[in-house]
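A quick write-up on the structure given underneath.
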Amino acid sequence: MDDYYTTDRKMSTMQDTKIAASGVQVYYADNHAIKDVNVDIGDKTVTAFIGPSGCGKSTFLRCLNRMNDTIDICRVEGDIKIDGEDIYDKKVDPVQLRAKVGMVFQKPNPFPKSIYDNVAYGPKIHGLASSKADLDNIVEKALRRGAIWDEVKDRLHAPGTGLSGGQQQRLCIARAVATEPEVLLMDEPCSALDPIATAQVEELIDELRQNYAVVIVTHSMQQAARVSQKTAFFHLGNLVEYDDTDTIFTNPKDPRTESYISGRIG
Amino acid sequence: MNEHISSAYDRDLEQLQTLVIKMGGLVEAAILSSAEALAKRDVELAEQVRAGDKSIDALEMQINEEAARIIALRAPVSKDLRSILTTLRIAASLERVGDYAKNIAKRTSTLVDIPAIQGADTALRRMSKEVQVMLKDALDAYLRRDAVLSEEVRQRDLEVDQMYNALFREFLTFMMEDPRNITACMHLHFMAKNVERMGDLVTNMAEQVIYLSTGEMPDESRPKDDQTAFVSAPD
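Protein chains in written order, with my numbering: chain A, 1 to 266; chain B, 1 to 235.
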């Protein structure tokens, strides 16, 4: 009975808290986009944010690496701590923070550079490599973690934009992990990919869980069910329900969650 | 429960439910008819029950296929998933109940040539009636997702067990009094056991309905009173 997956999923509930958010409010000018969200995100766990368009899930995700700082009219209140440290503290450099909290976007967005340079860029600007050989190592390790090394090892200096969509997305994941982040945020990473590339990225997400806290925003309920151990359901800026993924998909507590995941009106 | 955005999904689920109710109706009729055939020594009715089991089996097949299709095409979750899982299990239990009714009808065909055992037919008929009402309520509870009614059905299995205990002792007495009663009593005992098992299966269905409406199986053990395993001789 104790097959691998069952045991694995149960373990996830015992992980330490990586990100602790409490009383988070986000405003876009007068629009109250996130309403008093409290959530503890576990380390070495895949946490999925689901909810209808405009429910605030991407907005909340972007609070976790201060991407919202770049939007002038956006105001974030409340506490977000990573490993107990307030990330909105004045002493925190957002650029350093984003090296620690990597992000992968909906559309693969490789730099218009070679595959090698795409991955080497982050480690270079953060001074993570002491020599060329060191950098080569970092690039190889990142590409292996991105599960794309075997496909690109013979053409590292070809442009990243020449890869297929699925490969580009895995390249972007390799780029995100090259700076040795601790948290990986993914905003609908598979919505532009075909089912095979999606399966490859999902497999990769499951592997990344060994080392990182992964937070994924997805419109595909089945994807949330497949890859995550914890699921949070957002609706109209509220965090409606947050529980083990098994529970959310077999016996959710809130009727709004039930309606949303089973495709009902209302 | 709100409707699905896809109305075809709702129609699929409703159709599956309709098949279960149809199957349930056939099984209820088989329970009553098998008991009536015994009481009236009606070989023709017994024959009808035996033949009718094919339709029950065919419905179960249809439910299995339909459920597999919905799972493959709709990837149901939560209540929808529980509804399909429950439906599959209820259909399997109904099929077993149908088999027991068929077995009673078979034995009836044998019993018509043997002198009756006093009071046995009436007692079996009462027991069958009890189980049929339990089944009817379990199916109503299934349609209404009614955990309270299901729990009530579950409790009522105690009465069926007690009826079976009484019959067991009676048959034992009859057999000890006169060995010529043995053949009839053996058959009648199997029939009583069949009805007792039907009660257990209906109880399982009621438990499935509780799972369907609450998301959890009832944990406390239900009342049971089949003591026949410990009977050595009549008092």
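By construction, the Cβ of each residue, glycine as well, lies at the ideal position given by its N, Cα and C atoms.
- Of all residues in the region 50-68 of chain A, none places a beta-carbon less than 7 Å from a beta-carbon of chain B.
- Chain-order list of chain B residues neighbouring arginine 264(A): Met1, Asn2, Glu3, His4, Ile5, by C-beta distance under 8 Å.
- Under the three-state reduction of DSSP, lysine 44(A) is assigned to coil, being neither helix nor strand.
- Proximity of valine 77(B) to chain A, defined by a Cβ-Cβ separation below 8 Å, is satisfied.
- Between the alpha carbons of lysine 224(B) and isoleucine 117(B) lies a distance of about 27 Å.
- Counting only Cβ-Cβ distances below 8 Å, glutamate 241(A) has no contacts in chain B at all, with the closest Cβ about 12 Å away.
- Counting only the Cα atoms, proline 252(A) lies some 53 Å from glycine 119(B).
- Put simply, the CB of leucine 81(B) is near chain A, with a gap under 8 Å to one of its CB atoms.
- Measuring C-alpha to C-alpha distances from serine 109(B) to each of Leu32(B), Ser6(B), Ala184(B) identifies Ala184(B) as the nearest.
- Minimum Cα-Cα distance from alanine 178(A) among the listed residues Ile19(A), Asp40(A), Ala99(A), Ile82(A) corresponds to Ala99(A).
- Close partners of serine 259(A) in chain B (Cβ separation under 7 Å): Asn2.
- About 15 Å separates the CB atoms of threonine 250(A) and isoleucine 50(A); that is not less than 8 Å, and the two are not in contact.
- In the three-state reduction of the DSSP assignment, lysine 18(A) falls in the strand class.
- The beta carbon of phenylalanine 171(B) sits closer than 7 Å to those of Cys185, Leu188, His189, all from its chain and outside the five residues before and after it, given in chain order.
- The beta-bridge partner set that DSSP reports for threonine 122(B) is empty.
- Within 8 Å of the CB of glycine 215(B), the CB atoms of chain A belong to Thr250, Asn251, in sequence order along the chain.
- Distance from the CA of glutamate 130(B) to the CA of aspartate 161(B), rounded to the nearest whole angstrom, comes to 11 Å.
- Interface annotation, glutamine 222(A): in contact with chain B, CB-CB separation under 8 Å.
- The criterion of a C-beta distance shorter than 8 Å is satisfied by threonine 45(A) and glutamine 229(A).
- Contact between the region 89-103 of chain B and the region 201-217 of chain B is present: three or more C-beta pairs spanning the two stretches fall below 8 Å.
- Closest in alpha carbon position to aspartate 178(B), among Lys193(B), Pro115(B), Asp53(B), is Pro115(B).
- A contact between stretches requires three or more CB pairs, one per stretch, nearer than 8 Å, and the region 190-202 of chain A fails this requirement with the region 124-131 of chain A.
- If you look at aspartate 206(A), you'll find it in the alpha helix (DSSP H) that goes 195-208.
- Pairing threonine 214(B) with alanine 147(B) gives a Cβ-Cβ distance under 8 Å.
- Counting only unbroken stretches of 3 or more residues, the beta strand (DSSP E) elements lying wholly within the region 27-90 of chain A are 31-42, 46-50, 74-82, in sequence order.
- Following the DSSP letters along the chain, one finds threonine 257(A) inside the alpha helix (DSSP H) bounded by residues 255-261.
- In this structure the region 76-92 of chain A does not touch the region 137-144 of chain A; the number of beta carbon pairs closer than 8 Å is below three.
- Nearest to threonine 257(A) by C-alpha distance, out of Lys90(A), Cys55(A), Ile216(A), Asp69(A), is Cys55(A).
- Bounds of the alpha helix (DSSP H) holding histidine 187(B) are 182-214.
- Less than 8 Å divides the Cβ of glutamate 66(B) from the Cβ of leucine 16(B).
- Following the DSSP letters along the chain, one finds phenylalanine 233(A) inside the beta strand (DSSP E) bounded by residues 230-235.
- For tyrosine 9(B), the CB contacts under 6 Å within the same chain, skipping 5 residues up- and downstream, are Arg74 in chain order.
- With a cutoff of 8 Å on beta-carbon distance, leucine 171(A) and isoleucine 196(A) are scored as not near each other.
- When secondary structure is reduced to three states using DSSP, asparagine 64(B) falls in the helix class.
- Between the alpha carbons of isoleucine 31(B) and serine 262(A) lies a distance of about 37 Å.
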